[in-house]
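**Student:** Protein chains in written order, with the working numbering: chain A, 30 to 229; chain B, 15 to 670.
Virtual Cβ for every residue (Gly too), placed ideally from N, Cα, C.
All figures in this text were calculated on a predicted structure; none of them were measured in a lab.
Pasting in a structure now, in structure tokens, and then I'll have a few things to ask.
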């Protein structure tokens, strides 16, 4: 009897623990917002300082960027579908949608890297001008976030395969989906401020 | 081959200065001594199991305090070396280059590797106990924060003997700190030392916000929290919003230096003034981050030793929170002379003056708390009494500096130096000392010797005024900061010599504190009550030192000063509240991952400083490996059985 009591109690505590971890992640996202906010501010200050090098409207090619944008937005949608499958208790659906999300994320990164390589070959490197320093670091920091997310998502898929949907893995899926949506929102700002305002 | 090694070593190690050779010998001997003592007494396993892998907030707090006191020693030696150099005109005790390095490391160490960790130490030692919790929200992350701070501090300090110290000032303004003007590795040590420990600080901020918002004992509504906990909340919220800016700024400086980018360079469209704006957008909140908890400490101490409820609780909370918000609106007062124009300067002058209002509210609250109280003066209260006048003078000279037109005269003079030392020593250092003295019996289970403590207090307090009052005058006489020497014809030497004497008085005060600790360990005066000061908040309701699970049963709170009210009820003959039966306690398991991950960061940082990718890449892979290892580990907690709790409680109190 005493054992059962302890068990019920522990179940409650685990639940509290997981909700606390989710809250911690929300707060981490606030700090990440400030981090991106600072990078956006530096980009906005420097975006006119081309130092005789190429300008934004000369460099950016919108078709590729629009493709990247749609891929990332779709991946945000599929990560939402993954969470829905999880809430229905459907582990296969959950892992399947996470795989789709990760593949979309990887193709986003591949496109971004292709763009960077092309720019560097055109002679537009990080040390060309203040504008390009700001561009590479802002867009690159977003890309780094997405890449870390991919590693993390892969690790989580392995854990889901081994352990199924538990309180702990459920919280982890919720957290990574939050992270993924957050990166999507940041990309909307990158797309608008860096690319759209750059070519207009 | 031998020649190659010699050539490498002469660039790798700092050479040519007898002071550094002396330090080399001292460091080597200390390390040999530590290793031999640990080996001789077979303490390596003990060190690993009980300390290096611990996730217990109380032990992490103790490690923070020890590390920060060592850093206080190093920063203090730097200060005294500077004062010796300035004691007489035309002195050649330190070369100008050496002097630059010393004022840089003095500033960085005192703020980032002394004040911050001492503050985090107090957070850890006190907050969970004060809110009736068994640990912080994320114990693993807490341990990781500590080891990131520790290895960041080590990386920074290594520059002293390997590669050369940074010498571009504590905030390292570009273009001086850029590759063109600081080609050596010192600046890279600065970047990675601060970056690594800064990530830890950010994590601690998140940890304590969640701890305070989610882990308070049942019944402890926000407006029933102890004032120190409020101050930690305001400080942690400020950390969340300020530290990411530091991370970005330092990272951009690194990218400029390493990849040749043009954020802060003079050529290529860079903008050095942007660095100065960014670094102060973090830097100004940073000084409030360190001083807010000191305000909380004074609030606890004043109430305890006046035997009265804190006067103006709600206004105190409001003042703390409004200072946290206002701290983000004043940064440009650090560079009124930059030339932003009259409108910008007027805005920042007014916001800066406005911050004096909530600060004034606090001072009046402390004074009214003492009014008609039954006041006693043990050491924590003495430091509080030393703080109030000191901080008022420091605050008023701050208001003088905030007057933008007048600031064109004061800017970067010794007037400024005297001002910020007065608020940082008089406010932060006095505050943390007061806190250490106050909570020492709770942490270690014995009291510190009062008599030696009073000697230390008077030496510090008198030394402080002797050291810094002359510096206000020197500033008005035209002496600017960071000058390594001056001529006889300036008429500055009498005041400088006086200031040096004051500095050494504070140094002797520090030695008295060391003696006080050693003496108190030897003639241990044990605290058997758990409540040696007859205090008011929950941490005093449990034995000293606290058992590792803190509270055998979680207390239920129905008022401010919960423990004081409970004691009053007992005095009036009411029966104590019935305690619920003991249940198994859920605890986090120790983990070696934080230590290993901190070490991997150290390796990566060292590799990046010297541009050795063969070292940096494995270091970073190690960091990633540690994170994955933690993610895959599901065996992270355990239960303390009821019998063990009973035994521990009985040993501490002889009854349950």
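(1) Nearest CA to the CA of residue 80/B: which residue from 427/B, 164/B, 525/B and 221/B?
(2) Could you run through the stretch 642-662 of chain B and flag, in chain order, every residue whose CB is less than 9 Å away from some CB of chain A?
(3) Suppose contacts are defined by Cβ-Cβ distances below 8 Å. Is residue 401/B in contact with residue 467/B by that definition?
(4) My assumption, with CB atoms under 8 Å, is that residue 361/B sits in contact with residue 290/B. Please give the rounded CB distance.
(5) What's the gap between the Cα of residue 132/A and the Cα of residue 213/A?
(6) Pairing CB atoms from the stretch 489-509 of chain B with CB atoms from the stretch 447-457 of chain B, are three or more of them under 8 Å?
(7) Quick check on this structure: which residue in 585/B, 226/B and 659/B has the alpha carbon closest to the alpha carbon of residue 141/B?
(8) Kindly indicate if chain A contains any beta-carbon less than 8 Å away from that of residue 228/B.
(9) With burial defined as no fewer than 16 other Cβ atoms inside 10 Å of the residue's Cβ, what is the status of residue 504/B: buried or exposed?
(10) Grab me the residues of residue 667/B's own chain with a C-beta within less than 7 Å of its C-beta, minus the 5 sequence neighbours each way, in chain order.
(11) Can you give, in chain order, each stretch of the alpha helix (DSSP H) that sits fully within the stretch 150-202 of chain B and has at least 4 residues?
(12) Check whether chain A comes within 8 Å of residue 243/B, counting only Cβ atoms and requiring the distance to be less than that.
(13) For residue 174/B and residue 409/B, what's the separation of their Cα atoms in angstroms?
(14) Let me know the alpha helix (DSSP H) ranges lying completely inside the stretch 310-358 of chain B, each 4 residues or longer, listed in chain order.
(15) To which residues does DSSP link residue 460/B through a beta bridge?
(16) Name the one or two DSSP bridge partners that residue 601/B has.
(17) With burial defined as no fewer than 16 other Cβ atoms inside 10 Å of the residue's Cβ, what is the status of residue 525/B: buried or exposed?
(18) Residue 77/B: buried (16+ other C-beta within 10 angstroms of its C-beta) or exposed?
(19) Tell me whether residue 30/A sits in a helix, a strand or coil according to DSSP, three-state version.
(20) According to a CB-to-CB cut-off of less than 8 Å, which residues of the stretch 106-126 of chain A neighbour chain B?
(21) Do the CB positions of residue 357/B and residue 455/B come within less than 8 Å of each other?
(22) Name, in chain order, the residues that DSSP records as bridge partners for residue 27/B.
(23) Taking a cut of 7 Å between CB atoms, which residues from the stretch 145-169 of chain B lie near chain A?
(24) Measure the CB-CB distance between residue 516/B and residue 481/B and report whether it falls below 8 Å.
(25) Look at the alpha carbon of residue 178/B and the alpha carbon of residue 235/B, and state the distance between them as a whole number of angstroms.
(26) Which runs of the alpha helix (DSSP H) fall wholly inside the stretch 108-142 of chain B and span at least 4 residues, in chain order?
(27) CA-CA distance, residue 113/B and residue 28/B?
(28) Please state whether DSSP places residue 562/B in a helix, a strand or coil.
(29) Is residue 172/A close to chain B? Criterion is C-beta to C-beta, closer than 8 Å.
(30) Going along the chain, which unbroken runs of the beta strand (DSSP E) with 3 or more residues stay wholly within the stretch 281-308 of chain B?
(31) Determine the chain B residues that contact residue 69/A at a beta-carbon separation under 8 Å, and present them in chain order.
(32) Hey, residue 316/B and residue 239/B are a contact pair by Cβ (cut 8 Å); roughly how many whole angstroms apart?
(33) Rounded to a whole number of angstroms, what is the C-alpha to C-alpha distance between residue 415/B and residue 426/B?
(34) Can you tell which of 61/B, 101/B, 321/B and 65/B has its C-alpha closest to the C-alpha of residue 485/B?
(35) Is there a C-beta anywhere in chain B that falls below 8 Å from the one on residue 88/A?
(36) Measure the beta-carbon distance from residue 160/B to residue 127/B and round it to whole angstroms, keeping in mind my assumption that it falls under 8 Å.
**Tutor:** Looking at the coordinates:
(1) Counting from one through the second chain, the residue named residue 80/B turns up at place 66. The residue among 427/B, 164/B, 525/B and 221/B with its C-alpha nearest the C-alpha of residue 80/B is 164/B.
(2) Flagged, chain order: 642, 645, 646, 648, 651, 653 and 656.
(3) As a working note, residue 401/B is residue 387 in the second chain. As a working note, residue 467/B is residue 453 in the second chain. Contact: no.
(4) Position 347 of the second chain holds residue 361/B. Position 276 of the second chain holds residue 290/B. At roughly 17 Å, the Cβ-Cβ gap does not stay under 8 Å, so residue 361/B and residue 290/B are not in contact.
(5) Counting from one through the first chain, the residue named residue 132/A turns up at place 103. Counting from one through the first chain, the residue named residue 213/A turns up at place 184. Those two C-alpha atoms are separated by around 15 Å.
(6) No, because fewer than three Cβ pairs between the stretch 489-509 of chain B and the stretch 447-457 of chain B fall closer than 8 Å, the two stretches do not touch.
(7) Counted from its first residue, the second chain places residue 141/B at position 127. The shortest C-alpha separation from residue 141/B is found at 226/B.
(8) Within the second chain, numbered from 1, the residue matching residue 228/B stands at position 214. Chain A contact via Cβ: present.
(9) The residue you call residue 504/B lines up with position 490 of the second chain. Using a 10 angstroms sphere on the CB of residue 504/B, the tally of other CB atoms stays under 16, which defines it as exposed.
(10) Here the question's residue 667/B lines up with position 653 in the second chain. Only residues of its own chain outside the window of five on either side were considered, and among them 557 have a CB closer than 7 Å to the CB of residue 667/B, listed in chain order.
(11) Taking only runs of at least 4 residues, the alpha helix (DSSP H) segments lying wholly in the stretch 150-202 of chain B are 153-172.
(12) Reading the second chain from its first residue, position 229 is the one you call residue 243/B. False, the Cβ-Cβ gap to chain A never drops below 8 Å.
(13) Stepping through the second chain from its first residue, residue 174/B is reached at position 160. Stepping through the second chain from its first residue, residue 409/B is reached at position 395. Near 34 Å, if we compare the C-alpha coordinates of residue 409/B and residue 174/B.
(14) Runs of alpha helix (DSSP H) with 4 or more residues, each lying fully within the stretch 310-358 of chain B, are found at 327-340, listed in chain order.
(15) Taking the first residue of the second chain as 1, we reach residue 460/B at position 446. Here residue 460/B is bridged, per DSSP, to 540/B.
(16) Start at 1 with the first residue of the second chain, and residue 601/B comes out as number 587. Answer is 652/B, bridged to residue 601/B.
(17) In the second chain, counting from the first residue as 1, residue 525/B sits at position 511. By the neighbour-count rule (16 or more Cβ atoms within 10 Å), residue 525/B is not buried but exposed.
(18) Walking along the second chain from the start, residue 77/B turns up at place 63. Buried, since its Cβ has 16 or more Cβ neighbours within 10 Å.
(19) One-based indexing of the first chain puts residue 30/A at position 1. Any reading at residue 30/A needs caution, since the residue's pLDDT is 32, under 50, leaving its predicted position unreliable; the model's value is listed next. Residue state for residue 30/A is assigned as coil, using DSSP reduced to three classes.
(20) Of all residues in the stretch 106-126 of chain A, none is placed with a Cβ closer than 8 Å to any Cβ belonging to chain B.
(21) Looking up residue 357/B in the second chain gives position 343. Looking up residue 455/B in the second chain gives position 441. At a Cβ-Cβ threshold of 8 Å, residue 357/B and residue 455/B do not count as neighbours.
(22) Within the second chain, numbered from 1, the residue matching residue 27/B stands at position 13. Under DSSP, residue 27/B shares a beta bridge with 176/B.
(23) Hits within the stretch, in order: 151 and 152.
(24) Start at 1 with the first residue of the second chain, and residue 516/B comes out as number 502. Start at 1 with the first residue of the second chain, and residue 481/B comes out as number 467. Yes, they are a contact pair.
(25) By one-based count along the second chain, residue 178/B stands at place 164. By one-based count along the second chain, residue 235/B stands at place 221. Computed Cα separation, rounded: 52 Å.
(26) Counting whole runs of 4 or more residues, the stretch 108-142 of chain B contains the alpha helix (DSSP H) stretches 110-122.
(27) In the second chain, counting from the first residue as 1, residue 113/B sits at position 99. In the second chain, counting from the first residue as 1, residue 28/B sits at position 14. When rounded, the distance between both Cα atoms is 15 Å.
(28) Along the second chain, one-based indexing puts residue 562/B at 548. Coil.
(29) Within the first chain, numbered from 1, the residue matching residue 172/A stands at position 143. Contacts with chain B at 8 Å (Cβ-Cβ) do not include residue 172/A.
(30) Entirely contained in the stretch 281-308 of chain B, not one beta strand (DSSP E) run reaches 3 residues.
(31) As a first step, residue 69/A must be located in the first chain, where it is residue number 40. Neighbours of residue 69/A across chain B, judged by C-beta separation under 8 Å, do not exist; the nearest C-beta is about 10 Å away.
(32) The sequence position of residue 316/B within the second chain is 302, counting from 1. The sequence position of residue 239/B within the second chain is 225, counting from 1. Under the criterion of beta carbons closer than 8 Å, residue 316/B and residue 239/B do not qualify as touching, at roughly 17 Å.
(33) The residue you call residue 415/B lines up with position 401 of the second chain. The residue you call residue 426/B lines up with position 412 of the second chain. Distance between residue 415/B and residue 426/B, taken at the CA atoms: about 11 Å.
(34) Within the second chain, numbered from 1, the residue matching residue 485/B stands at position 471. Cα-wise, what sits closest to residue 485/B is 101/B.
(35) What you label residue 88/A is simply residue 59 of the first chain in a count that begins at 1. Answer no: the Cβ-Cβ gap between residue 88/A and chain B never drops below 8 Å.
(36) Mapped onto the second chain, residue 160/B falls at position 146. Mapped onto the second chain, residue 127/B falls at position 113. With a contact defined as Cβ atoms closer than 8 Å, residue 160/B and residue 127/B miss out at about 13 Å.
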